[in-house]
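Contents: one structure, followed by commentary.
Protein chains: 2
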Amino acid sequence: MVDTLTATTDVTTPPCNDATRWVRRVRLVPPSLADNTADADRLIRALQPQTGGHFIEIPLSLLQDLPGRLRQADYRVDCLLIEDRGHHLLTHVAAAAADAPLAGLAVDLGTTRIAAQLVDLRNGQSLAEAAVDNPQLTVGPDVLVRIHHSQSPQGRAALQRQAAEGINRAVTDLCAQTALTPDAIALMVVAGNTAMTHLLLGLDARWLIREPYIPAANQPGMIRARDLGIAIHNRARILVFPNVGSYFGGDLIAGILYAGLHRRSDTAILVDVGTNAEVVLGNRDWMIACAGAAGPALEGGMSRMGMLAGPGVIDRVRIGPAGDLRLGTIGNEAPRGICGSGVIDLAAQLFRNGWVDIRGRLLPERCHGRCREVDGQLHLDLVAAADAANGETLSIGQADLDSLMRSKAAMYTILETLTGQVGLTPEQLTTFYVAGTFGCFIDPESAVTIGMLPDLPRERYHALGNSALGGAVRLLSDTGAQAEIRQIQANITYLELNVNQDFMNRFSAAKFLPHTDRQRFPSIPSTAGNDA
Amino acid sequence: MVDTLTATTDVTTPPCNDATRWVRRVRLVPPSLADNTADADRLIRALQPQTGGHFIEIPLSLLQDLPGRLRQADYRVDCLLIEDRGHHLLTHVAAAAADAPLAGLAVDLGTTRIAAQLVDLRNGQSLAEAAVDNPQLTVGPDVLVRIHHSQSPQGRAALQRQAAEGINRAVTDLCAQTALTPDAIALMVVAGNTAMTHLLLGLDARWLIREPYIPAANQPGMIRARDLGIAIHNRARILVFPNVGSYFGGDLIAGILYAGLHRRSDTAILVDVGTNAEVVLGNRDWMIACAGAAGPALEGGMSRMGMLAGPGVIDRVRIGPAGDLRLGTIGNEAPRGICGSGVIDLAAQLFRNGWVDIRGRLLPERCHGRCREVDGQLHLDLVAAADAANGETLSIGQADLDSLMRSKAAMYTILETLTGQVGLTPEQLTTFYVAGTFGCFIDPESAVTIGMLPDLPRERYHALGNSALGGAVRLLSDTGAQAEIRQIQANITYLELNVNQDFMNRFSAAKFLPHTDRQRFPSIPSTAGNDA
Chain A
0 MVDTLTATTD VTTPPCNDAT RWVRRVRLVP PSLADNTADA DRLIRALQPQ
50 TGGHFIEIPL SLLQDLPGRL RQADYRVDCL LIEDRGHHLL THVAAAAADA
100 PLAGLAVDLG TTRIAAQLVD LRNGQSLAEA AVDNPQLTVG PDVLVRIHHS
150 QSPQGRAALQ RQAAEGINRA VTDLCAQTAL TPDAIALMVV AGNTAMTHLL
200 LGLDARWLIR EPYIPAANQP GMIRARDLGI AIHNRARILV FPNVGSYFGG
250 DLIAGILYAG LHRRSDTAIL VDVGTNAEVV LGNRDWMIAC AGAAGPALEG
300 GMSRMGMLAG PGVIDRVRIG PAGDLRLGTI GNEAPRGICG SGVIDLAAQL
350 FRNGWVDIRG RLLPERCHGR CREVDGQLHL DLVAAADAAN GETLSIGQAD
400 LDSLMRSKAA MYTILETLTG QVGLTPEQLT TFYVAGTFGC FIDPESAVTI
450 GMLPDLPRER YHALGNSALG GAVRLLSDTG AQAEIRQIQA NITYLELNVN
500 QDFMNRFSAA KFLPHTDRQR FPSIPSTAGN DA
Chain B
0 MVDTLTATTD VTTPPCNDAT RWVRRVRLVP PSLADNTADA DRLIRALQPQ
50 TGGHFIEIPL SLLQDLPGRL RQADYRVDCL LIEDRGHHLL THVAAAAADA
100 PLAGLAVDLG TTRIAAQLVD LRNGQSLAEA AVDNPQLTVG PDVLVRIHHS
150 QSPQGRAALQ RQAAEGINRA VTDLCAQTAL TPDAIALMVV AGNTAMTHLL
200 LGLDARWLIR EPYIPAANQP GMIRARDLGI AIHNRARILV FPNVGSYFGG
250 DLIAGILYAG LHRRSDTAIL VDVGTNAEVV LGNRDWMIAC AGAAGPALEG
300 GMSRMGMLAG PGVIDRVRIG PAGDLRLGTI GNEAPRGICG SGVIDLAAQL
350 FRNGWVDIRG RLLPERCHGR CREVDGQLHL DLVAAADAAN GETLSIGQAD
400 LDSLMRSKAA MYTILETLTG QVGLTPEQLT TFYVAGTFGC FIDPESAVTI
450 GMLPDLPRER YHALGNSALG GAVRLLSDTG AQAEIRQIQA NITYLELNVN
500 QDFMNRFSAA KFLPHTDRQR FPSIPSTAGN DA
């Protein structure tokens, strides 16, 4: 199996130390007749230097038992202090010597997959990682169907419960791995696209998809986990990554945070090849972004391919000299499907070996007998029934390849358009971050081969893996990330793609392998592909 | 019946207008493609000029349905915005045209009695008033017993439930009077002494009564009504009047607010003759306070007399020329007990008519046959069995009168001590506010006659009635009162009474009617009383 880029990248993470951990240790002056300040006020007074003098709210359930806690701890305590736009909340107070961890839960709430990581809030260390399918898949695979479903009160409540249920399943898994109880989880951060965030919070989502496309909230603030039915500590709060708009969600903000785009002096680009193609271009001074869902080009997009990642999903494809398919699966298990990076690999290999023409159409006579027609459509068999996980032949249809051709053309056109907006060409970008769905790392070589990404020196490409989860974990290990998130949200300009004739012309030109203009892809051998 | 001072006083209430009401009306710019700000952010943007640019939190349950509310109201809405030390919370959004009232609930949480008033938050008008016994009376009549009871988790929970239950009963009464549902009550403010506040909130109260006497919290902040089991609107918040210390509670802060002591240029005094004797002296620049519970003099105090006010309770006593007792009762109902103002009236009349000596001892031969001995103690019959509400003779014992003598002596000594601390004599005070338990207005003439209050020209005395409830109502009709409350809390100095030999000497001198030093009470006829 060919080794490709993994998540070991040059993401520019700033140094993090105890001063920016979520848990702060303080020592109080014990009360006396000369200083009979109330317990709560005494604790607030000790913590206020860390909040710039701001008031600190203490939830009732903590306040009720505060006197005993302070005295038992001999006035030396670890405090979990959560802030949201100047509102400081103290949710946990534990004896400074306690060895029970205060854990944080990072969640990437994907449309198809929910990925989570447990972090020790005292030192920022990762404790465990888990992923589960999004239970909302039973309602529908795409966001549009779910938003329609959420328009009835029952539908909205059901989708909210499902999102919480998915997260609770991940929590169960994480707790089993670490022997912690859900009660040890004192803080959660979640990154998702705007629609998924709305559905998790039970917000009215109907106006997201109706002109002028208005979210209910872009910065939902600190949410109580128990208000969402998430079974972690009763007082745990949830910090939700903010959205920029209906089509630019917190998952992308988290990705930018993870990549460190907003800290760079040179201009870099981040593309997220998920259900939609999302692109952010910028540096520490400015950022511009757009998303493929804004244009009609990606409709259907790659979602038909089944982007689900998980054990047994094909994420790597090579064609051997004898026309044999060499497939890599997640966890090296028997194949049960294919994810985005697998499809991109497959298309690149089909093209390099001449199994498809430059328009991406299967050439049955070149496919070593793997082609057959099903319901009037050509299919390429990838895995024989005997070798597949579910005992059925695994194949990919021409319609799937056509869909990929549109997606990759849209991605390239968006990159061309966006860089053009700031007077650059893609070739001028020195750093190119490629994020992708959990567990699937896109091979830049393959993406360039099919003309999805520009033909840059390969070392400029950096695979980020699940950047939304990475950003969420970053926030759990560094309180300073909150200011960065606000800076990102404030600095970003969302560009509505103007899908005019010029865009459509460029899109049409990109619907070839790798492109009608071969000179743009000098590194791709001109022998690849055949004219049909 | 002699007419005495009522609650029509010269309390200095500042002007209040729509700008300081709790409900604010705003009109939003409707969303468009050119302004696709999220609904929540749009509303916050419109309200922020009223918060000095501070962030405004919107609770999840409101956020969830905000898009529909704004659109149905055509973007013209009435908002209930609650603030606590820079933390702004938006709990209600209703169409500006809605005629359903947004009501506020003011509560005086007394040790024996809970008084409440309903206020229309849109215009500050009072809608109804109610009072119920504090259900905690079943645990014990005084605060000390209840604090001991609260030291077990079950006891604490039971006392918390009882306090909430009492408030809920008052709410039921208020709703019946006004035909409103509890759901219409969107905000509650509560004033109580430090112990009562702790018991209502379920705070650990055990350290209030142990040296160095530390409250769990002096400023509990905004509490959710539903967290306390108070059955008003699900999102309603409770603002708790802050304490200054274990012996100086929010009820007194509310009393000062109501009297306007903190706005006066001249120095005035406020005495609250409840279960304890509490005194505040000051003006807009400084205030000093002390409470009788700090010294041993008031132990037992007037609580033995049954301070409960309510229909049928004797609050006025005069002795006619023929030795007949003329009793006034609350609501003119058949007598069932006597409250503080009634006992003070009685003692004054007994003294003026020579039924007691200058030490307050009953003189059986002067009592027109009303004296009899029960269990070795002299009793004075007030109401014959046939005339009493419960069919039993209503009488008062020598021990009760002795207790009053200690209480009145303590009050006088405290007044003497406190004014002395700032270099004044009581005679130099031009305004003297007298607050009392709900429904019982102390007659200054009687209080002066027995030497409880100094012999000032009577027009300097102003009866406040239930000043804690008055302060709570004031807060509901004027958001500006919050700043005043903070100012009062910050400006007040609580004086621990130094019960030394000098204090005890003055206390002993005051244990006569009206005082050993007759010259201090020139207006009281020297013919009153007999040397025993």
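Listed in order, the protein sequences are those of chains A and B. Just so you know, the first sequence maps onto residues 0 to 531 in numbering that gives the first Met the number 0. Just so you know, the second sequence maps onto residues 0 to 531 in numbering that gives the first Met the number 0. Backbone N, C-alpha and C fix where the C-beta goes; we use that ideal spot for every residue, glycine too.
**Study point:** Test item: CB-CB of residue 204(A) and residue 250(A) under 8 Å
**Key:** In this structure, residue 204(A) sits away from residue 250(A), with a CB-CB distance that is not shorter than 8 Å.
Practice item. Please classify residue 130(A): does DSSP put it in a helix, a strand, or coil? Key: Secondary structure at residue 130(A): strand, using DSSP grouped into helix, strand and coil.
Point to revise | Three-state secondary structure (DSSP) of residue 376(A) | key: Of the three classes helix, strand and coil, the one that applies to residue 376(A) here is strand, per DSSP.
Check your understanding: Would you call residue 489(A) buried or exposed, if buried means 16 or more other Cβ atoms sit within 10 Å of its Cβ?
Key -> Exposed, because fewer than 16 other Cβ atoms sit within 10 Å of the Cβ of residue 489(A).
Review point. Does residue 66(A) come within less than 8 Å of chain B when only Cβ atoms are used?
Key: At a cut-off of 8 Å between beta carbons, residue 66(A) contacts chain B.
Point to revise | Endpoints, beta strand (DSSP E) assigned at residue 188(A) | key: Following the DSSP letters along the chain, one finds residue 188(A) inside the beta strand (DSSP E) bounded by residues 184-191.
Check your understanding: For residue 232(B) and chain A, any beta-carbon pair shorter than 8 Å?
Key -> Proximity of residue 232(B) to chain A, defined by a Cβ-Cβ separation below 8 Å, is not satisfied.
Review point. So with Cβ pairs under 8 Å, would you call residue 218(B) a contact of chain A?
Key: Under the Cβ distance rule, residue 218(B) counts among the residues neighbouring chain A, one pair being separated by less than 8 Å.
Review point. So, are the CB atoms of residue 96(A) and residue 254(A) less than 8 Å apart?
Key: Not in contact: residue 96(A) and residue 254(A) (Cβ atoms no closer than 8 Å).
Review point. Given 8 Å as the limit, is there contact between the region 212-228 of chain B and the region 73-87 of chain A, that is, 3 or more CB pairs closer than that?
Key: In short, these stretches do not touch, since the Cβ pair count stays below three.
**Study point:** Between the CA atoms of residue 494(A) and residue 176(B) - distance to the nearest angstrom
**Key:** Taking the straight line joining both Cα atoms gives about 58 Å.
Practice item. Please go through the same chain and pick out, in chain order, the residues whose beta-carbon is closer than 6 Å to the beta-carbon of residue 72(A), but skip the five residues on each side of it. Key: 94, listed in sequence order.
**Study point:** Separation of residue 25(B) from residue 46(B), as counted between CA atoms
**Key:** Between residue 46(B) and residue 25(B), the C-alpha separation is close to 7 Å.
Review point. Going along chain A in order, which residues have a C-beta closer than 7 Å to the C-beta of residue 212(B)?
Key: What residue 212(B) touches in chain A: 35.
Point to revise | Selection from 149(B), 326(B) and 201(B) that minimises the alpha carbon distance to residue 61(A) | key: Ranking the options by Cα distance to residue 61(A), first place goes to 201(B).
Exercise for review: In the DSSP assignment, find the beta strand (DSSP E) that holds residue 493(A) and state where it starts and stops.
Suggested key: Looking at the DSSP string, the run of the beta strand (DSSP E) that includes residue 493(A) is 491-493.
Check your understanding: In whole angstroms, what is the alpha-carbon distance linking residue 237(A) and residue 381(A)?
Key -> Near 43 Å, if we compare the C-alpha coordinates of residue 381(A) and residue 237(A).
Point to revise | Three or more C-beta pairs below 8 Å linking the region 509-517 of chain B and the region 444-451 of chain B | key: Flag = yes, the region 509-517 of chain B and the region 444-451 of chain B touch.
Point to revise | Cβ-based burial, residue 482(A) [other Cβ within 10 Å; buried from 16] | key: Classification of residue 482(A): exposed, given that the 10 Å Cβ count is below 16.
Point to revise | Beta carbon proximity, residue 63(B) to chain A, threshold 8 Å | key: Yes, because at least one Cβ of chain A sits closer than 8 Å to the Cβ of residue 63(B).
Exercise for review: With 7 Å as the C-beta to C-beta threshold (strictly closer), list the residues of the region 475-494 of chain B near chain A in chain order.
Suggested key: Contact residues of the region 475-494 of chain B toward chain A are absent (C-beta to C-beta distance below 7 Å).
Review point. With a cut-off of 8 Å, does the C-beta of residue 48(B) fall near any C-beta of chain A?
Key: Taking Cβ atoms only, chain A never reaches closer than 8 Å to residue 48(B), which makes this a no.
Review point. Pick from 36(B), 354(B), 430(B) and 440(B): whose alpha carbon is nearest that of residue 259(B)?
Key: It is 430(B) whose Cα lies nearest to the Cα of residue 259(B).
Review point. Going along the chain, which residues of its own chain have a beta-carbon closer than 7 Å to the beta-carbon of residue 242(A), five neighbours each way excluded?
Key: 193, 196, 214, 217, 248 and 249, listed in sequence order.
Exercise for review: Scan the region 438-451 of chain B for residues whose Cβ lies nearer than 8 Å to a Cβ of chain A and list them as they occur along the chain.
Suggested key: Residues passing the 8 Å Cβ filter: none.
**Study point:** Contiguous alpha helix (DSSP H) assignments of at least 4 residues, all confined to the region 139-205 of chain B
**Key:** You should have 142-148, 152-177 and 193-200.
**Study point:** Rounded separation between residue 135(B) and residue 160(B) - CA only
**Key:** Straight-line measurement puts the Cα of residue 160(B) at about 9 Å from the Cα of residue 135(B).
Check your understanding: Taking Cβ-Cβ distances shorter than 8 Å, what residues in chain A pair up with residue 53(B)?
Key -> Chain A residues near residue 53(B): 85.
Review point. Grouping DSSP H, G and I as helix and E and B as strand, with all else coil, what is residue 451(A)?
Key: When DSSP states are grouped into helix, strand and coil, residue 451(A) belongs to the coil group.
Exercise for review: Thinking residue 309(B) and residue 337(B) are a contact (beta carbons under 8 Å), I'd like their distance in whole angstroms, please.
Suggested key: Rounded, the Cβ-Cβ distance is 12 Å, inconsistent with contact.
Practice item. State the beta-bridge partners of residue 410(B) as determined by DSSP. Key: Its beta-bridge partners do not exist; DSSP assigns none.
**Study point:** Cβ contact (3+ pairs, closer than 8 Å) linking the region 162-181 of chain A and the region 115-135 of chain A
**Key:** Segments in contact, yes.
**Study point:** Under 8 Å by beta carbon: chain B residues contacting residue 203(A)
**Key:** By Cβ distance, chain B contributes 63, 64, 65, 66 and 67.
Review point. How many angstroms separate the CA atom of residue 289(A) from the CA atom of residue 111(A)?
Key: Roughly 21 Å separates the two Cα atoms.
Review point. Does the Cβ-Cβ distance between residue 395(B) and residue 345(B) come in under 8 Å?
Key: Cβ atoms of residue 395(B) and residue 345(B): closer than 8 Å.
Review point. Does DSSP put residue 124(A) in a helix, in a strand, or in coil?
Key: DSSP places residue 124(A) in coil when its eight states are reduced to three.
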